[in-house]
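Visitor: Sequential numbering of the sequence shown, starting at 0, is according to numbering that gives the first Met the number 0.
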Amino acid sequence: MREVVVFDKMQQGYRYVLTKPVGQDFDVGFEPELTPPQMLAMGVFEGKYLNDCQNEFPKSWWQNARLSQSGKAEVWQNCFGVKSRMSLGEWQQKGWIIGPDVRGWFQWYCRYYMGRRLPEVDAVQIKRWKAFRRHKKQVEKNCFVGDLECRKKQRQALLQWAYNPYF
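1. Identify whether Glu2 lies in helix, strand or coil by the three-state DSSP scheme.
2. Comparing C-alpha positions only, which one of Phe29, Asp24 and Gln53 sits nearest to Pro36?
3. Spatial neighbours of Val5 within its chain, please: C-beta separation below 6 Å, excluding the five flanking residues on both sides.
4. Shortest alpha-carbon distance to Phe25 belongs to which of Gln106, Ile125 and Trp90?
5. Under 8 Å between the Cβ atoms of Ala156 and His134?
6. Give the DSSP-derived three-state secondary structure of Arg110 in the structure shown.
7. Could you check whether Lys19 and Gly114 sit closer than 8 Å to each other, using their CB atoms as the reference points?
8. Assess contact between the segment 118-132 and the segment 85-98, defined as three or more Cβ pairs (one per stretch) separated by less than 8 Å. Is contact present?
9. Mark Glu148 as exposed unless 16 or more other C-beta atoms lie within 10 angstroms of its C-beta, in which case mark it buried.
10. Exposed or buried, what is Asp100 when buried is set at 16 or more other beta-carbons lying within 10 Å of its beta-carbon?
11. Which residue marks the beginning of the alpha helix (DSSP H) containing Gln153, and which one marks its end?
12. Measure the C-alpha to C-alpha separation of Thr34 and Tyr112 and round it to an integer number of angstroms.
13. With H, G and I counted as helix, E and B as strand and the rest as coil, what does DSSP make of Val120?
14. Using DSSP's beta-bridge definition, name the partner residues of Val16.
15. So, under 8 Å CB-CB, Leu158 and Met0 are touching, yes? Tell me the CB distance rounded to an integer number of Å.
16. Measure the CB-CB distance between Asn50 and Leu66 and report whether it falls below 8 Å.
17. Quick one: Cα of Gly184 to Cα of Phe143, how far?
In structure tokens form, the structure reads like this:
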């Protein structure tokens with residue numbers, strides 16, 4: 000077991016323990032189609048997510064990450080070149096920030112992927128991930144296979160929830 004201590008713009012001194020091997024021993028039914036480094040390399044959150052958290056996660060995650068160089072959100076950094084996210088304030092207002100993951104679902108997923116387990120928080124976040132699958136079904140139902148111009152916002156959102164948007 001290894002302890003991680005977080006020092007970034009939003010959390011200073013938060014500690015958690017990695018109890019599982021990286022990328023393994025996920026809860027039954029939680030089968031993300033993409034890893035965090037794959038998501039970062041494909042282009043998520045307008046290149047402006049976890050930018051100040053690079054010390055928390057492996058350096059390899061950032062080697063091919065599409066990150067904003069301007070310090071501002073850049074829609075063109077997204078895989079599908081469209082805005083498809085709400086602000087952190089909107090997430091907070093809706094009550095979607097759960098437990099110690101002050102930046103939301105993707106931060107939770109990164110920490111979970113690394114091996115942190117918080118059973119109560121994990122159960123809620125996995126339930127949310129499963130519910131998001133409805134968007135994949137909508138794209139499958141309404142788009143021809145390979146038509147990546149169809150429902151680009153939904154495809155970008157799928158990517159940001161660890162679903163493969165290419166189908």
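Note that beta-carbon positions come from the ideal geometry of N, C-alpha and C, so glycine has one too.
Guide: Taking the geometry as given:
1. The three-state secondary structure of Glu2, taken from DSSP, is strand.
2. When only C-alpha atoms are compared, the closest one is Gln53.
3. So the qualifying residues of the chain are Tyr13 and Glu55.
4. Out of Gln106, Ile125 and Trp90, the CA that lies nearest to the CA of Phe25 is found in Ile125.
5. Yes.
6. Three-state DSSP puts Arg110 in a helix.
7. Using a Cβ distance threshold of 8 Å, Gly114 and Lys19 count as a contacting pair.
8. Judged by Cβ distances under 8 Å, the segment 118-132 makes contact with the segment 85-98, as three or more pairs qualify.
9. By the neighbour-count rule (16 or more Cβ atoms within 10 Å), Glu148 is not buried but exposed.
10. Counting the other CB atoms within 10 Å of its CB gives Asp100 a total of 16 or more, which places it among the buried residues.
11. That run of the alpha helix (DSSP H) goes Lys151 to Gln159.
12. When rounded, the distance between both Cα atoms is 8 Å.
13. If DSSP states are grouped into helix, strand and coil, Val120 belongs with the helices.
14. Glu2, per the DSSP bridge assignment.
15. Between Leu158 and Met0, the beta carbon gap of about 32 Å keeps them out of contact (Cβ cut-off 8 Å).
16. Between Asn50 and Leu66, the C-beta gap is smaller than 8 Å, which places the two residues in contact.
17. The chain is shown from 0 up to 166; residue 184 falls before or after that span and cannot be answered.
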